[in-house]
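Heads up: the sequence shown begins at 3 in the working numbering, then just goes up one per residue.
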Amino acid sequence: GWGGARSGAMLRYATPWFVVAGMAGVMAFRLVAVRLEEVGRVLPLGLRYFTWLYLGLFLLMAAALRSTFADVMRVSNWLDSATIEEMVEQNMRREESHWEEKLGRWREDASLADYVFLRWFSMLSPLWLVATFGVCLYHTRAHVAEMGARLASSDGRLEVERAVSMHDKTVRILALPMVYGTMAFEGVVRMWGIVLDRTSGSHHFACWERRIRYQLDMFEACFLVGDVYESYALLVFGILTLNVLREKIRSTIELVKEDVSPTPLRRGHAPSFDDLDLAIRDLVNELKGLTLLGLKLFCLTCFLQAAYKLAVMTLGFYDVWPRWFSTDPHDKNGLGFFQQKEVKKGAHYFFYGAGFVASFAAIGNVVEVERGFHRNLQEFSPFLKFWGVKVLVSIAFLQTLFLMVVPPFMSWSEVRSNIFYASALCLECFLISVFHLCAWRPREGWYRSTGDYSGCLSDSVPEDSETCEGSSDE
């Protein structure tokens, strides 16, 4: 439990790092598989990266649910207010000086005695997580089955590789609700830790204030990790959209070339279709580079923000370089430089501003492509797909404003607002996964495009033209 050995606390503390490391490992495995395919060694579909991705998500979900039952529900009699208050009072009597004052502060900030709706609403979050996993797994299996059907078909090699590559990108996007929902549920558990005032019996959390600071930091870190995967999913969506656009333009040129009777041209006369084809291909490649630049900047900003937060928290936990990272205000040097309130606030607003600018640029680039080429992308229906990827950030932002300005939520404490915020996102991730069933149907026509394209469609199709140089999407 949370009052157990230090090793247990370490494991829970490092959870966001484990998620980041696991995701990085899965994507590295995918890149290795792509390289193996290039030399003719193709992995069976059942052993590809999405199998390990969902296996990891299942194990993470199972561990979170087990911890919820063993460390929260069982010891608190399913968040019973009287049981929790008795437990918190006993804990504070044993560990805290001036415990009556701190118990009063706990009642003011964290008790759910008068918040029956919030208690039950948060208790539903595990159900939404399990439902999200089921929907995402079902939807992914449908796309994988379609990939298997294309691989077993008698279509041309390039057409099969193109379709499989597009389904592969879709699978990575479909995992977003599950990844974000898992981190949102982890945030709910962190806030339950404050409600129960049970984090660890180790010296790291010897007082109530430090336990609260730890859980609030972990709450923020969970959503930063979710933002990293969301930015990655948006990048994959941008690549996929541009690939579909390039395929459509190239197919249109091929159809026009077939319809127009060839006419000999004198030297110095109008350019040939091949010259026009090459010019359009170069134009689309440049458009792709400019669009992806904003998306990559957004990914980098999210990654740096999460890495900074996790590094400061982890170094403080292990007492590395106390002068810079100590979390103990009673240390001989006081709080470390990076743990001080002013420094934390400055870093928060710096990354918030950078993230806002990068997000604005990334979204703006994709929206401009969709708006400018809507006729070419009509079959792809990018509007629904785009909002299925980006709606999480929009919902999170509007939800934050909602909690700040709408009564009675505006009068809630930070802990109660965080519980509602994370629990609502668990529900919203489930709804987004259901929305994806409509937005990303596995048998849409653009997966089966038959245009003769030779322009490096994706990050898993080998380059076969000099015009592709420098345009790999991996």
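Glycine included, C-beta positions come from ideal geometry on N, C-alpha and C. Since the model is a prediction, treat every value here as computed from it, not as a measurement.
Check, Outcome
"Check whether L218 and N420 have beta carbons under 9 Å apart", "yes"
"DSSP-derived helix/strand/coil call for A112", "coil"
"Alpha-carbon to alpha-carbon, N335 and Q342", "12 Å"
"Cβ pair C440, S127 closer than 9 Å", "no"
"Alpha-carbon to alpha-carbon, G390 and F239", "10 Å"
"As assigned by DSSP and simplified to three states, the class of A398", "helix"
"Segment contact flag, the segment 15 to 24 with the segment 222 to 230, C-beta cutoff 8 Å, min 3 pairs", "yes"
"Whole-angstrom distance between E430 and L317, CA atom to CA atom", "33 Å"
"Top-ranked residue by Cα proximity to M89, from S435, W108, S69", "W108"
"The segment 235 to 253 contacting the segment 305 to 314, beta-carbon criterion three pairs below 8 Å", "no"
"Start-to-end residues for the alpha helix (DSSP H) that takes in H145", "127 to 153"
"Where N245 falls, given that 16 or more other Cβ within 10 Å makes a residue buried", "buried"
"Contained alpha helix (DSSP H) runs [length at least 4] in the segment 321 to 404, N- to C-terminal order", "324 to 327, 343 to 374"
"Residue range of the unbroken alpha helix (DSSP H) whose run includes M89", "83 to 97"
"Nearest-angstrom Cα separation, counted from R252 out to Y455", "Note that Y455 has pLDDT 33, beneath the 50 cutoff, so the model's placement of it is unreliable and the number below is only indicative. Roughly 6 Å separates the two Cα atoms."
"Straight-line gap, N378 to A133 (C-alpha atoms, nearest Å)", "36 Å"
"Local Cβ density within 10 Å of S9, reported as buried at 16 or more and exposed below that", "The predicted model places S9 with a pLDDT of 37, which falls under 50 and marks its position as unreliable; any figure quoted below should be read in that light. It is exposed - the Cβ of S9 has fewer than 16 other Cβ atoms within 10 Å."
"Reduced DSSP category for L57 - H, G, I as helix; E, B as strand; rest coil", "helix"
"Local conformation of V44 per DSSP, three classes", "coil"
"Cβ-based burial, P46 [other Cβ within 10 Å; buried from 16]", "exposed"
"Three or more C-beta pairs below 8 Å linking the segment 191 to 202 and the segment 69 to 84", "yes"
"Test item: CB-CB of V363 and F305 under 9 Å", "Before going on, a small fix: residue 363 reads as Ala here, not Val. No, Cβ-Cβ distance for A363 and F305 is not below 9 Å."
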